[in-house]
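Numbering (the numbering used here), first residue to last: 752 to 1363. The structure appears right after this line, and notes come after that.
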Amino acid sequence: MSKRKRPRKPKGESRNALERSDPSNGLPSRWWRSAAPFPVMAGTLCAIAIMFNICTVSQGWQEKENADGSISILSQPTWMVALKAVSLALASISYIVLILTMMAKRNPHKGFIVVLSGWLTAGALLFSLIGVTTRRHPIVQPRQSLKYTQSYFYGILTASLYIFIAILLAAYTATARSASLSRHDRRTVEYTSIILRTITFIIVVTGGAGVYSTVEGWSFMDALYFTDYTVLTIGIGNIVPKTHLGRSLLFPYATAGIIALGLVVSSITSFKKTIRNMRLRLELQEARNRLLEQKKSPRLTHDEHNDNITLSSIPSTATFPQTSDVVELQRIRSDFNRRVQWQALLFFVTAWFVLWLLSAAVFRRSERNQNWTYFTALYFTYTSLTTIGYGDFYPTSNFGKVFFVFWSLLAIPVLTNLVTVMGEIGVRTLVHFAGYILRLGKSRRKTRNKKKDDSDLASSSNCRDLEKHAQWSSNLKKPSQDLSTVGTTSTFANNELDLSQSMIKAGQHRLLLAEEIKKLVLALLEGSSEQDPRRDWPWILSLLHSRDGEATSSAEYTFPDVMNQSISYSYEGLSSEERTAIEKNNETLLMLKWLTEKLCSELSKGAGPSAP
């Protein structure tokens, strides 16, 4: 019988996973967590930039205003139209590459570099054309004035957006190069659903502008201005359809536009919540690793001389984290949620006031021909920002209309998120206030009962009639329940508080067990190479041998069942990499089995008649 040759282990495979990872045990850095929303933000803003780029190509950038008020747009050179089309084509191709890169779920760095290069080139082309346009001085008649068209201002916004989103994507790419991301984290960050819904919304707005431009005889810019405040439900009303066909088309168009807007807003809310949950999970993982390092828990190693995965390397007595660490992780979770909510509230309140106060100054400047005061501009921006839209004031200048379209697309999502955050904090505050009122009522009731007991004892001690006192004492002792109630009111309250705290700790411990089970299931589904059972065993065992969240002073545990368990698997004909992957999966399955049994055991205790 020939001796089976053991496959040669590749160089560096025996190194511990903690040695191969960064100090945070392979977790993404905080810089990456801050830049995590940037790809989605870039994809969302790029859809708006492409819509503005279409406006840039549609007409010339300069116009003449005649003495009678009529407008004649100057023709633009052919090479300028070609460069505008090139910038639009580069941006569109880069946008398609961005979506494909995010959907491919492969290494995104090369794709992102191509995308941001295309956006930078498109923005540079437009800025070059803007510079050439500002230096051109066409000859006009004495009673004519030269102005820039809406298309020119859309060109400035488009070029600025291309540069800005390229910077966002570059920041994310730089931080992601040093981060070891799982497929689950990439799926969370590169969330294409919100980008696709934004594209749908932009198609509805742009397509409606094209239709109404044809039906009503408006310019494409004015039609875009109309579809913008119609779909956003602002309803200024200075430009409205006059034909029967245009009014008839408003029913299906406005319905489709409002539905598309609602889908975009709901996607933004869902994405924000998903990013927050991911950051919380990473912070909890960091805290867990830090607690394990402080305890200096022993790490498990594979038996290199056997083809079976055994857990005989676990000592019979070992030092593991105390179960009080569960309470610490829950405190971190609570602090994180509270901090994130208040940060979001501060950000959106600041953004709302900037969009209101600063934008009013911009509109006052753009509408100086209408003699707007700053208060008038504040009134207009407030009624538009809150989607009231009386229509008594509205922009008439080319820059005012362009800025209104861009401003309104930013203002409505900010207002929606502000209302959402205020609702979350309001509910949290009401729950906290209600809990405070209940605790205050219990405290006062307990104090009142204690004072009543003290006064009863004092009156009995001052009683001179010993016979009446003895009779009172004997009568008091007859009903045993009343005596226990009088003497132990505060004891019952303390027992109730201890019982409540015990139930809270048990619930926290079960929640942590469920979270670990979810993490292991995701690791098995994705085949994550970052998951290392040797690093996770100390924490798993500490959860298995904890007692309903009660911290123990002794850190010694025995594992009689662990010593006898092994998972057998035949490795004949498999490479070293395949063997390592199978070993990790087997250990993960064993963790999952024990955690599930532990959770079922605790739930059955809580559901039994003897439960607290």
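Virtual Cβ for every residue (Gly too), placed ideally from N, Cα, C. This one's a predicted model, so the numbers in the text were calculated from it and none came from an experiment.
Exposure label - residue i; buried when at least 16 CB within 10 Å
| i | result |
| --- | --- |
| R1084 | buried |
| Q901 | buried |
| G1238 | Low confidence applies to G1238: its pLDDT is 45, below 50, so where it sits in the model is not reliable enough to give any reading. |
| T1198 | exposed |
| T978 | buried |
| T965 | exposed |
| C797 | buried |
| L1354 | exposed |
| C1351 | exposed |
| L1012 | buried |
| P893 | exposed |
| V1170 | exposed |
| H1260 | buried |
| M854 | exposed |
| L1191 | exposed |
| P1066 | The predicted position of P1066 is uncertain, since its pLDDT is 43 and thus under 50; a value taken from the coordinates is nonetheless stated next. The residue is exposed, with fewer than 16 neighbouring Cβ atoms inside 10 Å. |
| F1104 | exposed |
| W783 | buried |
| T1068 | Annotation note: pLDDT 41 at T1068 (below 50); position unreliable, coordinate value reported separately. So T1068 counts as exposed. |
| W1158 | buried |
| F971 | buried |
| F1071 | Since pLDDT at F1071 reaches only 46, below the 50 mark, its modelled position is unreliable, and no value is offered. |
| I954 | exposed |
| S1018 | buried |
Element boundaries [beta strand (DSSP E), containing residue i]
| i | result |
| --- | --- |
| L897 | 896-899 |
Cross-strand partners of residue i (DSSP beta bridge)
| i | result |
| --- | --- |
| Q813 | Y899 |
Delimiting residues of the alpha helix (DSSP H) encompassing residue i
| i | result |
| --- | --- |
| S823 | Premise fails: S823 lies in the beta strand (DSSP E), 822-824, not in any alpha helix (DSSP H). |
| G961 | 943-967 |
| A786 | 781-786 |
| S936 | One point to set straight first is that residue 936 is Asp, not Ser, in the sequence displayed. Unbroken alpha helix (DSSP H) run through D936: 934-940. |
| A974 | 971-982 |
Any non-hydrogen atom of the ligand MG within 8 Å of residue i CB
| i | result |
| --- | --- |
| V1156 | As presented, the structure is devoid of all ligands, the ligand MG included, so that no description of it is given. |
message: Report the start-end ranges of each alpha helix (DSSP H) in the segment 1068-1127 that is 4 residues or longer and not cut off at the edges.
response: 1075-1104, 1110-1117
query: What residue ranges within the segment 842-928 form continuous beta strand (DSSP E) runs of no fewer than 3 residues, ordered along the chain?
result: 896-899
task: State whether the segment 931-938 contacts the segment 822-835, with contact taken as three or more CB pairs (one from each stretch) at a distance under 8 Å.
output: no
task: Give a yes or no on contact between the segment 1167-1185 and the segment 999-1013, applying the rule of three or more CB pairs nearer than 8 Å.
output: Taking 8 Å as the limit for Cβ pairs, the verdict is that the segment 999-1013 does not touch the segment 1167-1185.
field: Cβ pair count under 8 Å reaching 3, the segment 1185-1195 against the segment 983-992
entry: no
query: Using 8 Å as the Cβ pair cut-off and three pairs as the minimum, do the segment 918-936 and the segment 876-896 touch?
result: no
- prompt: On the three-pair Cβ rule with 8 Å, is the segment 1258-1278 touching the segment 1337-1350?
  reply: A contact between stretches requires three or more CB pairs, one per stretch, nearer than 8 Å, and the segment 1258-1278 meets this requirement with the segment 1337-1350.
field: Cβ contact check for the segment 1172-1179 and the segment 1025-1036: 3 or more pairs under 8 Å
entry: no
task: Evaluate contact between the segment 938-957 and the segment 869-876, counting only Cβ atoms and requiring at least three cross-stretch pairs below 8 Å.
output: no
field: Any 3 or more C-beta pairs closer than 8 Å across the segment 1081-1098 and the segment 1146-1154
entry: no
Residue ranges of each beta strand (DSSP E) within the segment 1163-1211, 3 or longer: none
task: Could you tell me whether the segment 1149-1169 touches the segment 1112-1127, where touching means 3 or more Cβ pairs closer than 8 Å?
output: yes
message: Within 8 Å, do at least three Cβ pairs link the segment 830-847 to the segment 990-1005?
response: no
Touch test, the segment 905-912 against the segment 793-812, Cβ-Cβ under 8 Å, three pairs minimum: Yes: the two stretches touch, three or more of their Cβ pairs being nearer than 8 Å.
message: Taking contact to mean 3 or more Cβ pairs, one atom from each stretch, closer than 8 Å, check whether the segment 1128-1142 and the segment 956-963 are in contact.
response: no
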